[in-house]
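Trainee: Each residue of the sequence shown is one higher than the one before, starting from 1232 at the first, in this note's numbering. Backbone N, C-alpha and C define an ideal beta-carbon position, used for all residues, glycine too. The structure displayed is predicted, hence computed values, not measured ones. Before I ask anything, let me first share the structure, which is written out below as structure tokens.
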Amino acid sequence: MDARNSDDESGGADLTVALRDTPARVTEVPALPRKHSDDARVYSQPASSSERMGDNGAASRPATSSQHAQARSEARTYAWEDDQVLRWITAGESHGRALVAVVDGMVAGVTVTSADIADQLARRRLGYGRGARMAFERDAVTVLSGIRHGSTLGGPIAIEIGNTEWPKWETVMATDPVDPAELADVARNAPLTRPRPGHADYAGMLKYGFDDARPVLERASARETAARVAAGTIAKAFLRQALDVEVLSHVISIGASKPYDGPPPRADDLPAIDASPVRAFDKAAEAAMIAEIEAAKKDGDTLGGVVEAVALGLPVGLGSFTSGDNRLDSQLAAAVMGIQAIKGVEIGDGFQTARRRGSQAHDEMYPGPDGVVRSTNRAGGLEGGMTNGQPLRVRAAMKPISTVPRALATVDLATGDEAVAIHQRSDVCAVPAAGVVVEAMVALVLARAALEKFGGDSLAETRRNIQAYQRTVAEREAPAARASG
1232 MDARNSDDES GGADLTVALR DTPARVTEVP ALPRKHSDDA RVYSQPASSS
1282 ERMGDNGAAS RPATSSQHAQ ARSEARTYAW EDDQVLRWIT AGESHGRALV
1332 AVVDGMVAGV TVTSADIADQ LARRRLGYGR GARMAFERDA VTVLSGIRHG
1382 STLGGPIAIE IGNTEWPKWE TVMATDPVDP AELADVARNA PLTRPRPGHA
1432 DYAGMLKYGF DDARPVLERA SARETAARVA AGTIAKAFLR QALDVEVLSH
1482 VISIGASKPY DGPPPRADDL PAIDASPVRA FDKAAEAAMI AEIEAAKKDG
1532 DTLGGVVEAV ALGLPVGLGS FTSGDNRLDS QLAAAVMGIQ AIKGVEIGDG
1582 FQTARRRGSQ AHDEMYPGPD GVVRSTNRAG GLEGGMTNGQ PLRVRAAMKP
1632 ISTVPRALAT VDLATGDEAV AIHQRSDVCA VPAAGVVVEA MVALVLARAA
1682 LEKFGGDSLA ETRRNIQAYQ RTVAEREAPA ARASG
């Protein structure tokens, strides 16, 4: 999903910095335990309950007025509010000195290193059909604050991702004023006045009053997703260490290739997925995807596709049914739709479910040895805006990259004449990388939901709260377990 110049969708500031308002504080409180097999192909789920944690999470504290409810809704819209339990934001331009990610609200004691972040960023560079820049681009990671000796401190975590090409752009992208004479003969500084269809160029130039697309494409570029992946690495480490939750992704289809519709991958399938040139879980699907990319490359074109993120091991009860903005599916959809070039999101079977009758659309429940079990997961792990103990499945549709080598028709905004769109270095297909970015955003939303539910200032405290919750749920599951015997 890299497109230092190319990748799609406007975005300006990171709209996915979705945040929730709740100081986290929890004691042992009843609700529902987690009951989920580590094997994503076996669906095991606890019964539902309306019991909630007393003072944990925004949903459990009634608004004192309509103004309070409106303020909470606006907090999620505008993202970086002071009273959110976990929040994140990115800064930086594609060819600037560096990208920066800030994660605030993470508990102390989570083990994570700069090498972990670098490893995730390397995964983001994977994929058949990436541009030539992948051969020389490297992500230089520096953790500026919030981590000491490989352990989070509980304060804001700031991560810098240096731009190895900065020396080439230092004058063009300088933050301080530059003598026009120094820029006169710099080809990189030439105004970009022919907006690319499908990119942020046109609307951004008109909205912000720019005569040049450079200020727009620098921030709208999918290069910014590197900062999201860095932030998501912190969230994934927390989910793994607090809840034993794993978040992974794979490519469902590229271009017109037949979509993969088999069982979702397990955590131990991830190395094989990353080893695939297109990050496919299925070898037959992999060959078809590669053929699509080769054909598009030959034709001077670009391709989109569909990716799926899967979260394994989630407990029942993250999210809430109490209002639309508390529903976990609405938060996940917003976070994933905020990724550059993503044009559609579905959870579980999504749109396919709309074509079925009710008797074939839902996941029936039966008593099992560990509680309630299901033989299907059409809902994708969410019901009523809450996790139900089954694997979470979130699919995202990525449009073809808008920097098309064959160049699309446009209008030169400087002259008003017909023209062909600007073309800069780009990929044929960035779908494999998009899955890694979707993983990161899903992990951030889930980490926030878990902290809202279980609270804590340290990882150890959060784990104690989770264990108390799980014991209570196990008690509520006992009748179903006895019935199955």
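Can you find the residues in the same chain that come closer than 6 Å, C-beta to C-beta, to A1322, ignoring five residues on each side of it along the sequence?
Mentor: In the sequence shown, residue 1322 corresponds to position 91, counting from 1. The residues are V1331.
Trainee: When you compare only the Cα positions, how much space is there between R1445 and L1423?
Mentor: Within the sequence shown, numbered from 1, the residue matching residue 1445 stands at position 214. Within the sequence shown, numbered from 1, the residue matching residue 1423 stands at position 192. Computed Cα separation, rounded: 6 Å.
Trainee: Can you say whether Y1597 is buried or exposed, counting buried as having 16 or more other CB atoms within 10 angstroms of its CB?
Mentor: Locating residue 1597 in the sequence shown gives position 366, counting from the first residue. So Y1597 counts as exposed.
Trainee: Could you give the DSSP three-state label for D1407: helix, strand or coil?
Mentor: Counting from one through the sequence shown, the residue named residue 1407 turns up at place 176. Coil, per DSSP.
Trainee: If contact is defined by three or more beta carbon pairs under 8 Å, each pair taking one atom from either stretch, is the stretch 1577 to 1592 in contact with the stretch 1630 to 1644?
Mentor: They do not touch, by the three-pair rule.
Trainee: Is P1598 helix, strand or coil by DSSP?
Mentor: Here residue 1598 refers to the residue found at position 367 when the sequence shown is read from its first residue. In the structure shown, P1598 sits in a strand (DSSP, three-state: E or B).
Trainee: On the three-state DSSP scale, how would you describe A1711?
Mentor: Along the sequence shown, one-based indexing puts residue 1711 at 480. In the structure shown, A1711 sits in a helix (DSSP, three-state: H, G or I).
Trainee: With DSSP collapsed to three states, give me the class of Q1621.
Mentor: For the purposes of this step, residue 1621 is identified with residue 390 of the sequence shown, where counting begins at 1. Looking at Q1621 - three-state DSSP - the assignment turns out to be coil, as it is neither helix nor strand.
Trainee: Does the structure place the stretch 1461 to 1473 close enough to the stretch 1332 to 1348 that three or more beta carbon pairs sit under 8 Å?
Mentor: Touching, yes.
Trainee: From what residue to what residue does the beta strand (DSSP E) around A1638 run?
Mentor: Position 407 of the sequence shown holds residue 1638. No beta strand (DSSP E) holds A1638; DSSP gives it neither H nor E.
Trainee: What does the Cβ neighbour count give for R1586, buried or exposed, with the cut at 16 atoms within 10 Å?
Mentor: Here residue 1586 refers to the residue found at position 355 when the sequence shown is read from its first residue. Result: exposed.
Trainee: Could you spell out the range, first to last residue, of the alpha helix (DSSP H) harbouring V1460?
Mentor: Residue numbering aside, residue 1460 sits at position 229 when the sequence shown is read from its first letter. Counting along the chain, the alpha helix (DSSP H) containing V1460 begins and ends at T1456 to L1474.
Trainee: Figure out for me which residue from A1628, D1658 and D1499 has the closest Cα to the Cα of V1635.
Mentor: Sequence index remark: in the sequence shown, residue 1635 carries index 404 (1-based). Closest by alpha carbon: D1658.
Trainee: From G1385 to P1508, what does the alpha carbon distance come to, in whole angstroms?
Mentor: The sequence position of residue 1385 within the sequence shown is 154, counting from 1. The sequence position of residue 1508 within the sequence shown is 277, counting from 1. If I take the Cα positions, the gap works out to 38 Å.
Trainee: Between the alpha carbons of V1673 and A1681, how many angstroms are there, rounded?
Mentor: For the purposes of this step, residue 1673 is taken as the residue at position 442 of the sequence shown. For the purposes of this step, residue 1681 is taken as the residue at position 450 of the sequence shown. Taking the straight line from one Cα to the other gives about 12 Å.
Trainee: Based on the DSSP secondary-structure assignment, which residues constitute the bridge partners of V1538?
Mentor: Your numbering for residue 1538 matches position 307 in the sequence shown. Looking at the DSSP assignment, V1538 forms a beta bridge with V1482 and A1627.
Trainee: Note down the Cα distance separating R1303 from M1337, rounded to an integer number of angstroms.
Mentor: Locating residue 1303 in the sequence shown gives position 72, where the first residue counts as 1. Locating residue 1337 in the sequence shown gives position 106, where the first residue counts as 1. Low local confidence applies: a pLDDT of 49 at R1303 is under 50, so the model's placement there is unreliable, with the coordinate-based value given in what follows. Each residue's Cα considered, the two are about 21 Å apart.
Trainee: Does the distance from the CB of I1504 to the CB of R1510 come in under 7 Å?
Mentor: Sequence index remark: in the sequence shown, residue 1504 carries index 273 (1-based). Sequence index remark: in the sequence shown, residue 1510 carries index 279 (1-based). Yes, they are a contact pair.
Trainee: Run the CB neighbour count on H1481, radius 10 Å, all protein chains shown included, and call it buried at 16 or more, exposed below.
Mentor: Taking the sequence shown and counting its residues from 1, one reaches residue 1481 at position 250. With 16 or more Cβ atoms within 10 Å of its Cβ, H1481 is classed as buried.
Trainee: Would you kindly report the start and end of the unbroken beta strand (DSSP E) that includes D1370?
Mentor: Your numbering for residue 1370 matches position 139 in the sequence shown. Looking at the DSSP string, the run of the beta strand (DSSP E) that includes D1370 is D1370 to S1376.
Trainee: If you count every other CB in all the chains shown that lies within 10 Å of the CB of D1546, and 16 or more means buried, which is it?
Mentor: As a working note, residue 1546 is residue 315 in the sequence shown. Note that residue 1546 corresponds to Pro in the displayed sequence, not to Asp. Classification for P1546: buried.
Trainee: Touching or not, the stretch 1700 to 1709 and the stretch 1549 to 1569, by the rule of three or more beta carbon pairs under 8 Å?
Mentor: Because the criterion of three Cβ pairs below 8 Å is not met, the stretch 1700 to 1709 and the stretch 1549 to 1569 do not touch.
Trainee: Spatial neighbours of I1524 within its chain, please: CB distance less than 7 Å, with the 5 preceding and 5 following residues excluded, ordered by chain position.
Mentor: Start at 1 with the first residue of the sequence shown, and residue 1524 comes out as number 293. Contacts found: Y1359, G1360, I1485, L1534, V1659 and C1660.
Trainee: Going by DSSP, what residue range makes up the beta strand (DSSP E) through I1573?
Mentor: Taking the sequence shown and counting its residues from 1, the one referred to as residue 1573 is at position 342. First-last of the beta strand (DSSP E) with I1573: I1573 to I1578.
Trainee: Does DSSP put S1507 in a helix, in a strand, or in coil?
Mentor: Residue 1507 sits at position 276 when you count from the first residue of the sequence shown. The answer is coil: DSSP assigns S1507 none of H, G, I, E or B.
Trainee: Work out the CA separation of A1371 and W1397 for me, nearest whole Å.
Mentor: Counted from its first residue, the sequence shown places residue 1397 at position 166. Counted from its first residue, the sequence shown places residue 1371 at position 140. The alpha-carbon atoms of W1397 and A1371 are separated by roughly 12 Å.
Trainee: Just how far apart, CA to CA, sit Q1571 and A1665?
Mentor: In the sequence shown, counting from the first residue as 1, residue 1571 sits at position 340. In the sequence shown, counting from the first residue as 1, residue 1665 sits at position 434. Roughly 9 Å between the two C-alpha positions.
Trainee: Please state the DSSP three-state secondary structure of E1649.
Mentor: The residue you call residue 1649 lines up with position 418 of the sequence shown. Of the three classes helix, strand and coil, the one that applies to E1649 here is strand, per DSSP.
Trainee: Could you check whether G1393 and A1329 sit closer than 7 Å to each other, using their CB atoms as the reference points?
Mentor: Walking along the sequence shown from the start, residue 1329 turns up at place 98. Walking along the sequence shown from the start, residue 1393 turns up at place 162. Yes; because the gap between Cβ atoms is below 7 Å, this pair is in contact.
Trainee: Within a Cβ cutoff of 7 Å, which residues of the same chain sit near A1678, ignoring the five residues on either side of it in sequence?
Mentor: Here residue 1678 is taken as the residue at index 447 of the sequence shown, counted from 1. Around A1678: L1317, A1466, F1469 and L1470.
Trainee: Spatial neighbours of D1688 within its chain, please: CB distance less than 8 Å, with the 5 preceding and 5 following residues excluded, ordered by chain position.
Mentor: Numbered from its first residue, the sequence shown carries residue 1688 at position 457. Counting only Cβ-Cβ distances below 8 Å, and skipping sequence neighbours, we find A1255, V1338, A1339 and G1385.
Trainee: Would you list the one or two residues that DSSP bridges to V1334?
Mentor: The residue given as residue 1334 occupies position 103 in the sequence shown. DSSP output for V1334 lists W1319 and I1388 as bridge partner(s).
Trainee: Grab the span of the beta strand (DSSP E) containing L1549 for me, first residue to last.
Mentor: Numbered from its first residue, the sequence shown carries residue 1549 at position 318. Start and end: V1547 to G1550.
Trainee: Does R1379 pass the burial test, meaning 16 or more other C-beta atoms within 10 Å, or should it be called exposed?
Mentor: Reading the sequence shown from its first residue, position 148 is the one you call residue 1379. Per the 10 Å Cβ criterion, exposed.
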